[in-house]
Amino acid sequence: MAKPKRDPTTASGFFLREEAAWQSLKGLWAGLPDRDLTRPGACGTWSVKDVMNHIASWMAAAREVIPMRLAGRTPPKGEYAISTFNPLHYARYRRFPLAASKRRLQRNRRLLLALLASLPERRLLDSKSRIGSWAKYSTYAHYEEHLRPLTAFRHTRLGDTVKEKKPGKRKPAGR
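Using the numbering used here, the letters of the sequence shown map in sequence onto residues 513 to 687.
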């Protein structure tokens, strides 16, 4: 089992980790035909498209909750509880067309990253605080959570493997 990665200690480290995890996640559905992206079983009973909408829904939730927390307000009790949030949003978006799901995911990521880039570094990085926790778990930690099941699904569909890229580790040219 892989050793857990440490949380980033700088804002630039946060965004590098987010981008690396995002590229790993996107790489798992790259090249899969649309019928496989909508086939149940990629992550439990969910399809890849369902996972896209799931992640997009939590990104949208983070865009609602983080400003509330910054203003010192508390989100409505139970509205963001995983046990109710996930089934509600699955039902809401499961019939979304694949192209719309991809656009929704891209848009929510872009908007969330813009919000996160505006946060003071200490608020962004404090994963023990409610704001930092939302930042972490609506981005790289959430993507990383879905990597293993999506990797296994991709392997069953294509018979290939996609290796996670390790940041900063590159072969010298000519070798």
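Glycine is no exception: its CB is placed at the ideal position from the N, C-alpha and C atoms.
- When rounded, the separation of the alpha-carbon atoms in A533 and P520 is 13 Å.
- Cα atoms of A572 and L624: separation of roughly 7 Å, rounded to the nearest angstrom.
- 8 Å or more divides the Cβ of I567 from the Cβ of L600.
- Partner residues in a beta bridge of W646, as assigned by DSSP, do not exist.
- Exposed is the label assigned to K538, since fewer than 16 other Cβ atoms lie within 10 Å of its Cβ.
- For G525, the uninterrupted alpha helix (DSSP H) segment begins and ends at A523 to W541.
- Under DSSP, W558 shares a beta bridge with C555.
- It is roughly 14 Å from the alpha-carbon of A611 to the alpha-carbon of L544.
- Straight-line spacing of the CA atoms in S613 and V563 works out to 10 Å.
- Straight through space, the alpha carbons of R615 and P609 are spaced by roughly 10 Å.
- In chain order, S559 place their CB closer than 7 Å to the CB of R551, counting only its own chain and leaving out the 5 sequence neighbours on each side.
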